[in-house]
Amino acid sequence: MNNLISVCIATYKRPLLLEKLLVSLLNQKNIDEYNLEIIVVDNDPNRTAEPVIKKFKELIISNSRYSIKYDMQPEKNIALTRNRTVELATGNYLYFIDDDEYADEYCLCNHLKVMKEFNADVTFGNVLPYFEDKTPEFIKNAKPYFRENSPDGNDSNYFITGNTMLNLKSIPKKIISFNYEYGITGGSDHYFFSSLKNKGYKFISASSSIATEFIPSGRANLSWLVKRVFRTGNNFTRTLIKNTDNYFHRFLISIQQLLVGLIQFLISIILSGGFLLFDKRKSLNWFLKAISNLGKPFAVLGIYPKEYKK
């Protein structure tokens, strides 16, 4: 079908958030000429998402524009779970959104508008954080919770699956695959989109397409931020090396990332200390930048932290 959007959702033990996401998809506006095929793949062998799916099926029973598919992928691996959503998709647009996000009512409409206007192969929307009430202000302002998206139509440098649309009229579905090796460490989306970008596909920012991500108290703290930014820097260098086929070039990139990572770590630590007394927000963000840079030499050494525990 020419106007079918396949919404791909990998989920794990977040039934309440998943329900909020599904309702937000049901409330999309200005897409009357499109049908939505919602695909939910559960990475929990206990199938905690299944009751939510059954409830949602009752909501859409009289709406022929919506359909939903549910499956369970038992191995704890986010890459395999995402791949299963793609396998089940039959639309000519793929829309990825995380199970702790929900879409603004014009989210899909704006993705499609930007994709058409700028002849994009992939559009990356904006994701705004939503915190619990008692979250400290300096934590709320930490950069890792925000995308620094440029305006609609500009090139995008955000290679992640949350609030992202792919045009399967230009991208063959057979090349859409998330690497199993990143399934526990995280970063399979960054690796996939980096590889896709290297093939010459056009990545465009769609900042007007807004999704909101819930940040629970367990992720609104310095400990979580440190782990997150370390993985980000680690995955950046890991992907950079992995995407280089020439062994000599791979060696040069490894040396460069090792040295640059350490130098940037030291500079960022100094700047963090300099801001500590009079600007706590800037001090925190420079500290997190330092930790992100520290992840780079660890990637060169083949040390990859695990984001998803087995």
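Heads up: the sequence shown is residues 1 to 310, going by full-length UniProt numbering.
All C-beta atoms, glycine included, are put in the ideal place defined by N, C-alpha and C.
Every value quoted in this text rests on a predicted model; they were computed, and no experiment measured them.
(request) Look at the Cβ atom of G233, then the Cβ atom of I78, and state whether they are nearer than 8 Å. (result) Between G233 and I78, the C-beta gap is not smaller than 8 Å, which leaves the two residues out of contact.
(message) Going by C-alpha to C-alpha distance, which of F203, L168, D189 sits closest to P151?
(response) The candidate whose alpha carbon is nearest that of P151 is F203.
(message) As an exercise, report each continuous alpha helix (DSSP H) stretch of at least 4 residues that is fully enclosed by the segment 150-202, in chain order.
(response) The segment 150-202 contains these whole alpha helix (DSSP H) runs: 188-198.
(message) Taking 8 Å as the threshold (C-beta atoms), are I60 and L18 in contact?
(response) Cβ atoms of L18 and I60: not closer than 8 Å.
(request) Classify G261 as helix, strand or coil using the three-state DSSP reduction. (result) Three-state result, G261: helix.
(message) DSSP three-state label for P129, please.
(response) If DSSP states are grouped into helix, strand and coil, P129 belongs with the strands.
(message) Give me the residue from V52, S205, L196 with the minimum Cα distance to S177.
(response) Answer by Cα proximity: L196.
(message) Less than 8 Å between the beta carbons of I38 and Y66, yes or no?
(response) Closer than 8 Å, so yes.
(request) Could you tell me the boundaries of the beta strand (DSSP E) in which E101 lies? (result) From DSSP, the beta strand (DSSP E) with E101 extends over 101-103.
(request) Within the same chain, show all residues whose beta-carbon is closer than 6 Å to that of G187, passing over the 5 residues directly before and after it, in chain order. (result) Hits under 6 Å: N235.
(message) Below 8 Å on the Cβ atoms is my contact criterion, and I expect S205 with N167 to pass it. Report the Cβ-Cβ distance as a whole number of Å.
(response) Their Cβ separation, rounded to whole angstroms, is 15 Å, which puts S205 and N167 out of contact at 8 Å.
(request) Could you check if E137 is buried or exposed, using at least 16 other CB atoms within 10 Å of its CB as the buried criterion? (result) E137 is exposed by the Cβ-count criterion.
(request) Could you have a look at Y12 and say whether DSSP puts it in helix, strand or coil? (result) Y12 falls in the coil class under three-state DSSP.
(message) Looking only at its chain, what residues have a beta carbon closer than 8 Å to the beta carbon of Q28, apart from the 5 residues adjacent to it on each side?
(response) Counting only residues of its own chain and dropping the five nearest sequence neighbours on each side, Q28 has a CB closer than 8 Å to the CB of L36, A103, E105, Y106, C107, L108, C109.
(message) Cutting at 6 Å between CB atoms, please list the residues of its own chain near Y191, excluding the five before and the five after it.
(response) So the qualifying residues of the chain are N179, Y182, T239.
(request) Only counting runs of 3 or more residues, tell me where the beta strand (DSSP E) segments fall wholly within the segment 64-116, in order along the chain. (result) Counting only runs that start and end inside the segment 64-116, the beta strand (DSSP E) elements of at least 3 residues fall at 66-72, 93-96, 101-103.
(request) Put S254 into one of helix, strand or coil per three-state DSSP. (result) The answer is helix: DSSP assigns S254 an H, G or I state.
(request) Just the C-alpha distance for V52 and V23, rounded to the nearest angstrom, thanks. (result) About 11 Å.
(message) If the criterion is Cβ atoms closer than 8 Å, does the pair A89 and S6 meet it?
(response) A contact, by the Cβ cut-off of 8 Å.
(message) Count Cβ pairs between the segment 40-54 and the segment 123-134 that sit closer than 8 Å; are there 3 or more?
(response) Taking a cut-off of 8 Å on C-beta distances, the segment 40-54 does not touch the segment 123-134, as fewer than three cross pairs fall below it.
(message) Considering only DSSP beta bridges, list what I210 is partnered with.
(response) Residue pairing by DSSP puts I210 in a beta bridge opposite N126.
(request) Taking the CB atoms as reference points, tell me whether T164 and F118 lie closer together than 8 Å. (result) No, they are not a contact pair.
(request) Using 10 angstroms around the beta-carbon of S64, count the other beta-carbons present and answer buried if the total reaches 16, otherwise exposed. (result) Result: exposed.
(request) Just confirm the distance between the C-beta atoms of A220 and E75, as a whole number of angstroms; I'd bet it's less than 8 Å. (result) Contact between A220 and E75 does not hold, since the beta-carbon distance rounds to 30 Å and is not under 8 Å.
(message) By the three-class DSSP mapping on this structure, what secondary structure does S205 have?
(response) Judged by DSSP in its simplified three-state form, S205 adopts strand.
(request) Classify H111 as buried or exposed, calling it buried when 16 or more other Cβ atoms lie within 10 Å of its own Cβ. (result) With a threshold of 16 other beta carbon atoms within 10 Å, H111 meets it and is buried.
(message) Considering Cα atoms alone, identify which of F251, D121, L225, R231 is closest to G200.
(response) The shortest Cα separation from G200 among F251, D121, L225, R231 belongs to D121.
(message) If I follow the unbroken beta strand (DSSP E) through E58, where does it start and stop?
(response) For E58, there is no enclosing beta strand (DSSP E); the residue is part of the alpha helix (DSSP H) that begins and ends at 50-59.
(request) Rank F248, F193, E148, N157 by C-alpha distance to the C-alpha of I171 and give the top, closest one. (result) For I171, the closest of F248, F193, E148, N157 by C-alpha to C-alpha distance is F193.
(request) Within its chain, find whatever has a CB closer than 6 Å to the CB of R228; leave out the 5 residues flanking it on each side and keep chain order. (result) Cβ within range, chain order: P144.
(message) Using a Cβ-Cβ cutoff of less than 7 Å, which residues in the same chain neighbour R14 once the five nearest sequence positions on both sides are dropped?
(response) Cβ-Cβ distances below 7 Å link R14 to D99, D100 in the same chain, with the five nearest sequence neighbours on each side left out; the list follows chain order.
(request) Look up I267 in the DSSP assignment and give the residues it is bridged to. (result) DSSP output for I267 lists no bridge partner at all.
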